[in-house]
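J.: For the sequence shown, the residue numbers in our numbering are 6 to 319. Take a look at this one; I'll ask things after.
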Amino acid sequence: MPVLYLVLPCYNEEEVLPETAKRLKARLAELIESGRCDKGSRIMFVDDGSKDRTWEIITELFSNNECFCGIKLAHNRGHQYALLAGLMTAANYCDCCISMDADLQDDIDVLDDFMDEYAKGCDVVYGVRKKRTTDTAFKRITAQGFYRFMKLLGVDVVYNHADYRLMSRRALEALAEYKEYNLFLRGIVPLIGFKSSCVYYERHERFAGESKYPLKKMLSFAINGISSFSVKPIHLISNLGIIISALSIFGMLYALISKLTGFAASGWTAIVASIWLIGGIQLFCLGIIGEYIGKIYSEAKARPKYTIEEFLKK
Ligand code: UDP
Ligand code: MG
Numbered sequence: 006m007p008v009l010y011l012v013l014p015c016y017n018e019e020e021v022l023p024e025t026a027k028r029l030k031a032r033l034a035e036l037i038e039s040g041r042c043d044k045g046s047r048i049m050f051v052d053d054g055s056k057d058r059t060w061e062i063i064t065e066l067f068s069n070n071e072c073f074c075g076i077k078l079a080h081n082r083g084h085q086y087a088l089l090a091g092l093m094t095a096a097n098y099c100d101c102c103i104s105m106d107a108d109l110q111d112d113i114d115v116l117d118d119f120m121d122e123y124a125k126g127c128d129v130v131y132g133v134r135k136k137r138t139t140d141t142a143f144k145r146i147t148a149q150g151f152y153r154f155m156k157l158l159g160v161d162v163v164y165n166h167a168d169y170r171l172m173s174r175r176a177l178e179a180l181a182e183y184k185e186y187n188l189f190l191r192g193i194v195p196l197i198g199f200k201s202s203c204v205y206y207e208r209h210e211r212f213a214g215e216s217k218y219p220l221k222k223m224l225s226f227a228i229n230g231i232s233s234f235s236v237k238p239i240h241l242i243s244n245l246g247i248i249i250s251a252l253s254i255f256g257m258l259y260a261l262i263s264k265l266t267g268f269a270a271s272g273w274t275a276i277v278a279s280i281w282l283i284g285g286i287q288l289f290c291l292g293i294i295g296e297y298i299g300k301i302y303s304e305a306k307a308r309p310k311y312t313i314e315e316f317l318k319k
């Protein structure tokens, strides 16, 4: 029977953790009962440098029941790194692991399906949302636009899949070989290969507490995802440059002809406007190039992605 680890990154989740732990414990017991996973399976909480009582709650859970284990990161590194810390630690003990959010927005009833797909020989199983009814219209539109845009840029992402996913031990070991600092797990996992499949589920509302992913974090996550996986924006710049240069040749010809035929340019408005326009475009392009240089900078430093302060496991 496979040893399953459920990995849940938590940041300031004191309001949801006790309930999450209770429900997951019951679910895990059912999974063990039905012969889908081993008794040595665990629920692993990764405290992403929370400022509230999250770590105290995890410690308490751990001391009361051996099915829980906990990792405390030394400081807040963000969801992707916290998740990676959990996955890489779990890889030492498990046959497969499933990552999910601590707020139980991901439907835990489909855990059976994940395990069944794993039993059929899949190394990666993606949890895919059926509908986005619990999202606000804004989140729905921006999220779906994001997935489409990624596809357009040639990045292989699974549509409507976030980080609710099963990975086998060998998939985790393959993931460990991806040394990049700018982490966008849902882009990397499809690159690993291996046999994969999908499990469909409804996403619920967060049952307590509020989202730790405000618009600002969501935007930077999206930009990071795009620039970590695609160099097409760079090509776009070159193409834009070519088009503008071509247009400016026509502009010059036009100016020359009007001068020769006696119709000298009369207003400075057009000139000023075009200076602003070109200036803006140049800045925009420089900004995009800067994004990539910034990445080279952080990749070149190859800093550790996370620091584990404490690790609780029986
Ligand atoms: N999270 C984290 N570190 C952060 C922000 C979030 O570990 O800096 C965790 C959070 O505790 C939750 C998961 O990432 O388990 C998803 O976050 P959230 O539910 O706030 O995002 P949303 O579902 O609103 O997109
Ligand atoms: Mg959530």
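No residue lacks a Cβ here, since even glycine has one placed at the ideal position from N, Cα and C.
Using the C-alpha atoms, what's the distance from G83 back to I33?
T.: Position 28 of the sequence shown, counted from the first residue, corresponds to residue 33. Position 78 of the sequence shown, counted from the first residue, corresponds to residue 83. Per the sequence shown, residue 33 should be read as Leu rather than Ile. The alpha-carbon atoms of L33 and G83 are separated by roughly 27 Å.
J.: Taking 8 Å as the threshold (beta carbon to beta carbon), is E35 in contact with chain E?
T.: The structure shown contains no chain E; it holds only a single protein chain.
J.: At the level of alpha carbons, what is the spacing between I254 and A90?
T.: In the sequence shown, the residue the question calls residue 254 occupies position 249. In the sequence shown, the residue the question calls residue 90 occupies position 85. Rounded to the nearest angstrom, the two C-alpha atoms are 55 Å apart.
J.: Quick check on DSSP: helix, strand or coil for M172?
T.: Working through the sequence shown from its first residue, we reach residue 172 at position 167. Three-state DSSP puts M172 in a strand.
J.: Tell me where the alpha helix (DSSP H) around D117 begins and ends.
T.: Your numbering for residue 117 matches position 112 in the sequence shown. Taken as a continuous stretch (DSSP letters only), the alpha helix (DSSP H) holding D117 covers 116-124.
J.: Is R47 near the ligand MG, in the sense that its beta carbon is under 7 Å from a heavy atom of that ligand?
T.: Taking the sequence shown and counting its residues from 1, one reaches residue 47 at position 42. Incorrect: R47 has no Cβ contact closer than 7 Å to the ligand MG.
J.: Please go through the same chain and pick out, in chain order, the residues whose beta-carbon is closer than 6 Å to the beta-carbon of L291, but skip the five residues on each side of it.
T.: Your numbering for residue 291 matches position 286 in the sequence shown. Nothing listed; no residue qualifies.
J.: Given S68, which residues of its chain have a CB within under 7 Å of its CB, disregarding the five upstream and five downstream residues?
T.: Residue mapping note: residue 68 aligns to position 63 of the sequence shown, counting from 1. Hits under 7 Å: none found.
J.: Within 10 angstroms of its Cβ, does K319 collect 16 or more other Cβ (buried), or is it exposed?
T.: Translated into positions along the sequence shown, residue 319 becomes position 314. By the 10 Å Cβ count, K319 comes out exposed.
J.: For the ligand UDP, any of its heavy atoms closer than 7 Å to the Cβ of R211?
T.: Counting from 1 along the sequence shown, the entry for residue 211 is found at position 206. Yes, the beta carbon of R211 sits closer than 7 Å to at least one heavy atom of the ligand UDP.
J.: Pick out whichever of L265, I193, Y186, L158 has its Cα sitting closest to the Cα of A307.
T.: Position 302 of the sequence shown, counting from 1, holds the residue named residue 307. Cα-wise, what sits closest to A307 is Y186.
J.: If you check the beta carbons only, do S201 and D128 fall under 8 Å apart?
T.: Walking along the sequence shown from the start, residue 201 turns up at place 196. Walking along the sequence shown from the start, residue 128 turns up at place 123. Going by C-beta atoms, S201 is nearer than 8 Å to D128.
J.: Tell me whether P14 counts as near the ligand UDP, meaning its Cβ is closer than 7 Å to at least one heavy atom of that ligand.
T.: As a working mapping, residue 14 is identified with position 9 in the sequence shown. P14 has its Cβ nearer than 7 Å to a heavy atom of the ligand UDP.
J.: Helix, strand or coil: which one does DSSP assign to M6?
T.: Mapped onto the sequence shown, residue 6 falls at position 1. Note: M6 maps to coil in three-state DSSP.
J.: Count the other C-beta atoms from every protein chain shown that fall within 10 angstroms of the C-beta of M257, then say buried if there are 16 or more, exposed otherwise.
T.: Numbered from 1 along the sequence shown, position 252 holds the residue referred to as residue 257. Flag for M257 reads exposed.
J.: Just to confirm, does K56 get its C-beta within under 7 Å of one of the non-hydrogen atoms of the ligand UDP?
T.: Translated into the one-based positions of the sequence shown, residue 56 becomes position 51. K56 Cβ: outside cutoff for every heavy atom of the ligand UDP.
J.: Kindly indicate which residue of P219, L241, K184, L158 has the alpha-carbon position closest to the one of K310.
T.: Here residue 310 refers to the residue found at position 305 of the sequence shown. When only C-alpha atoms are compared, the closest one is K184.
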